[in-house]
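Below you'll find the structure, written out as structure tokens, and then a few comments.
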Amino acid sequence: MKIIRNGELVLPNEIINGDIMINNEIITHIGHIHDIPAGAEIIDATGCYVFPGFIDPHTHFQMTNVLASTADDFESGSLAAIAGGTTTVINFATPEEGSLIKGLQVHRRRADNHISCDVAFHMEIVDVNDTILEEIPRIVNHGVSSFKVYLAYGFRLNDKDLYRVIRVISQTGALVAAHCENGPLIEALIDELRQASKLGVGSHPISRPILIETEAIQRFITLGALADYPVHIVHVSSELGLNIIEQERRKGHHVTCETCPQYLVLNESLYTLPDFEGVKYVMSPPLRCKQDNVALQNGLMSDMVQTVGSDHCSFNFESQKKQGLHDFTRIPGGVPGVEERGLITYHVIVNERHGSPHTFMKVISENSAKLYGLYPKKGALQVGSDADITILNPHIEQVLSKRTAHTKADYIPYEGMKIKGGIAHVFLRGHHVVDNGEIINDHLGKCIP
Ligand SMILES: [Zn+2]
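If you count the sequence shown from 1, you need to add 347 to reach our numbering.
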């Protein structure tokens, strides 16, 4: 038995001072415990916030694309997650040999016995045919509760196939999420930049302007409306993108959305850094301007944006990102962030914007658990839930740095950022895995379900 004592407990509907009792892997009591049973392990949480373990709904561990393989595999990615207070990640699985079922099996096998946090999977749909459509309900029965489609990249779906996929998914109750950028238009803009010999990193954001994002968001919501099914937009990067979502909601369309820490605190000026450092920040959608940062922060504060995902997709600066020095289309896109996501979001919402720790809890844990079918086993401090618990000390001041980070990538995009707040303790299904900021137990993660 373990007892977390005297913390500020961020419960589903209120914040109270109290204690939490853990038996085996489950929360068995919340409130004040007056008679401490002999032999109970006591963890003092005085002056700290006690949250349900953070849930990262957007990671790409152990991923290979046409340009490179990610620096982080399930081992290092899940260690970075747990160090940052994240007890569950939802990672992307891709089909194998044209089969969703085989794809899920392969990804589970890669994760099993290598993970230090719990891992669930979204299934990507990169191709549409009778086999894939027939496998969608079957894979939902295997425990997959969400699918992702792309409107950009070589594996994007056309509108007809997007519509067909949404219709089939609508029969299962699963979530359908999309990467919203208009792929053919990006290709046209890249062709123009290539003809003008403008292939430096500064052309990356020019090839993917905000209109490329807003058009795709608008179109995907329209497809959902036609199919009469809610849709989810991942990594919204711009104020205009968020405005489109709000406008469509007012018409009665059901849309949820995610943003990422990089779109809350970083901006496009980073693409002009000297010594090619700009390649570190190549991601899609690209970084926007400060006004977009503020609009997305406002979105989190006012329930317009439901979740924060890291979109952790880690590549090395020296050996991988720099391969695109003279041709930005050769830079593998993505940044690490699974470890920093929780504290950056906390710092922005609670310290900088003076929001409630309860608002933070919803966007960092509860809302993802609800959207992805994990609630209330995950995402809630309540009796009967998994004892996934993150204790955050709001008084610690620190400077984020690669020197203390767990990603295997050779940099973090938040180097030098000063934040207030530190991860004191983490419990994964009752196991004490982070003690005073240090990982003390690893490889205790499980695949869900
Ligand atoms: Zn992603």
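For glycine and all other residues, C-beta sits at the position ideal for the given N, C-alpha and C.
This one's a predicted model, so the numbers in the text were calculated from it and none came from an experiment.
(message) Within 8 Å, do at least three Cβ pairs link the stretch 453-467 to the stretch 419-430?
(response) yes
(request) Using the Cα positions of P704 and E482, report the straight-line distance between them to the nearest angstrom. (result) Locating residue 704 in the sequence shown gives position 357, counting from the first residue. Locating residue 482 in the sequence shown gives position 135, counting from the first residue. If I take the Cα positions, the gap works out to 41 Å.
(request) Would you give the residue range spanned by the alpha helix (DSSP H) that T561 belongs to? (result) By one-based count along the sequence shown, residue 561 stands at place 214. Where T561 is concerned, the enclosing alpha helix (DSSP H) stretches over I557 to A574.
(message) Taking the alpha-carbon of N353 as reference, which of I367, P359 and E361 has the nearest alpha-carbon?
(response) As a first step, residue 353 is located in the sequence shown; it is residue number 6 there, counting from the start. Checked all of I367, P359 and E361; the closest Cα to N353 is I367.
(request) Give the straight-line distance between the Cα atoms of I787 and I369, rounded to the nearest whole angstrom. (result) Walking along the sequence shown from the start, residue 787 turns up at place 440. Walking along the sequence shown from the start, residue 369 turns up at place 22. Going from the Cα of I787 to the Cα of I369 covers about 18 Å.
(message) For A572 and G520, I'd like the C-alpha separation in whole angstroms.
(response) Along the sequence shown, one-based indexing puts residue 572 at 225. Along the sequence shown, one-based indexing puts residue 520 at 173. Roughly 15 Å between the two C-alpha positions.
(request) Can you say whether S416 is buried or exposed, counting buried as having 16 or more other CB atoms within 10 angstroms of its CB? (result) Mapped onto the sequence shown, residue 416 falls at position 69. Exposed, since its Cβ has fewer than 16 Cβ neighbours within 10 Å.
(message) Output needed for V487: all residues of its chain with C-beta closer than 7 Å, excluding positions within five of it in sequence on either side, in chain order.
(response) Residue numbering aside, residue 487 sits at position 140 when the sequence shown is read from its first letter. Residues T519 and A521 of the same chain have their beta carbon placed closer than 7 Å to that of V487, with the five preceding and five following residues left out of the count.
(message) Can you check which of these residues, S492, H582, E539 and A574, is closest to I557 by C-alpha distance?
(response) The sequence position of residue 557 within the sequence shown is 210, counting from 1. Of the candidates S492, H582, E539 and A574, the one whose C-alpha sits nearest the C-alpha of I557 is H582.
(request) Determine the DSSP secondary structure at T441, reduced to helix, strand or coil. (result) As a first step, residue 441 is located in the sequence shown; it is residue number 94 there, counting from the start. Correct three-state label for T441: coil.
(message) Spatial neighbours of D639 within its chain, please: C-beta separation below 6 Å, excluding the five flanking residues on both sides.
(response) Numbered from 1 along the sequence shown, position 292 holds the residue referred to as residue 639. S585 and E586.
(message) Could you check whether the Cβ of C395 sits closer than 7 Å to any heavy atom belonging to ligand 1?
(response) For this step, residue 395 is matched to residue 48 along the sequence shown. Outside the cutoff, so no.
(request) Please confirm whether S732 and K724 have their CB atoms less than 8 Å apart. (result) Start at 1 with the first residue of the sequence shown, and residue 732 comes out as number 385. Start at 1 with the first residue of the sequence shown, and residue 724 comes out as number 377. Against a cut-off of 8 Å, the Cβ pair of K724 and S732 comes out as a contact.
(request) Go through its chain and collect everything with a Cβ distance to R815's Cβ below 7 Å, but skip five positions before and after it. (result) Because the chain is modelled from 348 through 796, residue 815 falls outside the range shown and cannot be assessed.
(message) So, with DSSP's three-state summary, where would you put I462?
(response) Here residue 462 is taken as the residue at index 115 of the sequence shown, counted from 1. Reduced to three states, the DSSP call for I462 is coil.
(request) Flag this pair as touching only if the stretch 638-656 and the stretch 604-621 have three or more C-beta atom pairs under 8 Å; answer yes or no. (result) Counting Cβ pairs under 8 Å, three or more are found: they touch.
(request) State yes or no: is the C-beta of H405 nearer than 7 Å to some heavy atom of ligand 1? (result) Translated into positions along the sequence shown, residue 405 becomes position 58. The answer is yes for H405.
(message) Quick check: does the Cβ of C660 come within less than 7 Å of any heavy atom belonging to ligand 1?
(response) Within the sequence shown, the letter at position 313 stands for residue 660. The nearest non-hydrogen atom of ligand 1 is less than 7 Å from the C-beta of C660.
(request) Could you check if T411 is buried or exposed, using at least 16 other CB atoms within 10 Å of its CB as the buried criterion? (result) As a first step, residue 411 must be located in the sequence shown, where it is residue number 64. Classification of T411: exposed, given that the 10 Å Cβ count is below 16.
(message) Check for me: the alpha helix (DSSP H) holding E481 runs from which residue to which?
(response) Position 134 of the sequence shown, counted from the first residue, corresponds to residue 481. E481 -> alpha helix (DSSP H) spans D477 to N488.
(message) For a test of the three-state rule: what should DSSP assign to D508, helix, strand or coil?
(response) For this step, residue 508 is matched to residue 161 along the sequence shown. D508 falls in the helix class under three-state DSSP.
(request) Find out if the Cβ-Cβ distance for the pair S550, F675 is shorter than 8 Å. (result) For the purposes of this step, residue 550 is taken as residue 203 along the sequence shown, with counting starting at 1. For the purposes of this step, residue 675 is taken as residue 328 along the sequence shown, with counting starting at 1. Cβ distance < 8 Å, so S550 and F675 count as in contact.
(request) Rank A543, E593 and R566 by C-alpha distance to the C-alpha of L504 and give the top, closest one. (result) Counting from 1 along the sequence shown, the entry for residue 504 is found at position 157. Considering only alpha carbons, the answer is R566.
(request) Apply the 10 Å Cβ neighbour rule to T561 and answer buried if 16 or more other Cβ atoms are within range, or exposed otherwise. (result) Counted from its first residue, the sequence shown places residue 561 at position 214. Counting Cβ neighbours within 10 Å, T561 comes out buried, since at least 16 surround it.
(message) Please give the ranges of any alpha helix (DSSP H) in the stretch 653-710, keeping only runs that are unbroken, at least 4 residues long and fully inside the region.
(response) 688-693 and 704-708
(request) Give every residue of the same chain whose Cβ lies closer than 8 Å to the Cβ of E593, excluding the five residues on either side of it in the sequence, and list them in chain order. (result) Taking the sequence shown and counting its residues from 1, one reaches residue 593 at position 246. Within the same chain, E593 has close Cβ partners M651.
(request) Would you grab the beta carbon distance between E665 and R635 for me? Rounded to a whole angstrom, and I think it's under 8 Å. (result) Indexing the sequence shown from 1 puts residue 665 at position 318. Indexing the sequence shown from 1 puts residue 635 at position 288. Under the criterion of beta carbons closer than 8 Å, E665 and R635 do not qualify as touching, at roughly 27 Å.
(message) Quick check on DSSP: helix, strand or coil for E388?
(response) Looking up residue 388 in the sequence shown gives position 41. Reduced to three states, the DSSP call for E388 is strand.
(request) Measure from the alpha carbon of G490 to the alpha carbon of each residue in Y396, I437 and A524, then state which is nearest. (result) Walking along the sequence shown from the start, residue 490 turns up at place 143. It is I437 whose Cα lies nearest to the Cα of G490.
(request) Mind checking which residues open and close the alpha helix (DSSP H) that includes G424? (result) Along the sequence shown, read from residue 1 onward, the residue named residue 424 stands at position 77. Counting along the chain, the alpha helix (DSSP H) containing G424 begins and ends at F421 to A430.
(message) If contacts are defined as beta-carbon pairs under 8 Å, then Y618 and V548 qualify, I think. What distance do you get, rounded to the angstrom?
(response) Here residue 618 corresponds to residue number 271 of the sequence shown, with the count starting at 1. Here residue 548 corresponds to residue number 201 of the sequence shown, with the count starting at 1. That belief holds up - the Cβ atoms of Y618 and V548 are roughly 6 Å apart, short of 8 Å.
(request) Give the secondary structure of D382 by DSSP, where H, G and I count as helix, E and B as strand, and everything else as coil. (result) The count along the sequence shown starts at 1 and reaches residue 382 at position 35. D382: coil per DSSP, three-state reduction.
(request) Go through its chain and collect everything with a Cβ distance to M648's Cβ below 8 Å, but skip five positions before and after it. (result) The residue given as residue 648 occupies position 301 in the sequence shown. Cβ within range, chain order: I696, R700, G702 and T706.
(message) Classify Q667: buried if its beta carbon has 16 or more other beta carbons within 10 angstroms, exposed otherwise.
(response) As a first step, residue 667 is located in the sequence shown; it is residue number 320 there, counting from the start. Buried is the call here.
(request) Taking only the alpha-carbon atoms, compute the straight-line gap between T375 and V730 and give it to the nearest angstrom. (result) Translated into the one-based positions of the sequence shown, residue 375 becomes position 28. Translated into the one-based positions of the sequence shown, residue 730 becomes position 383. Looking at the two C-alpha atoms, the distance is approximately 5 Å.
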